[in-house]
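S.K.: Each number in this note's numbering comes from the position in the sequence shown (counting from 1) with 18 added on.
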Amino acid sequence: MNKYDYQHGVANYVNKQQKTERDMTEEETTRHQNEMDFVASEECTTWMRAT
């Protein structure tokens, strides 16, 4: 993952935050939760420190 990918991921995350869960399909909700889990994960924090 490079910086562009990360920034793109954050933009998608912010856009999804503006959607209500009611508007999300089950698949989108699952993907959104996975992205939130990644953003909150130590792996992501470590990766950001390394770049």
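Every residue, glycine too, gets a C-beta built ideally from N, C-alpha and C.
Is the beta carbon of Glu61 within less than 7 Å of some heavy atom of the ligand GTP?
M.R.: The ligand GTP is absent from the structure shown, which contains no ligands of any kind.
S.K.: Please state whether the Cβ-Cβ distance between Gly27 and Glu53 is less than 8 Å.
M.R.: With respect to the 8 Å criterion, Gly27 and Glu53 are classified as neighbours on the basis of their beta carbons.
S.K.: Within the continuous alpha helix (DSSP H) that includes Thr47, where are the two ends?
M.R.: 44-58
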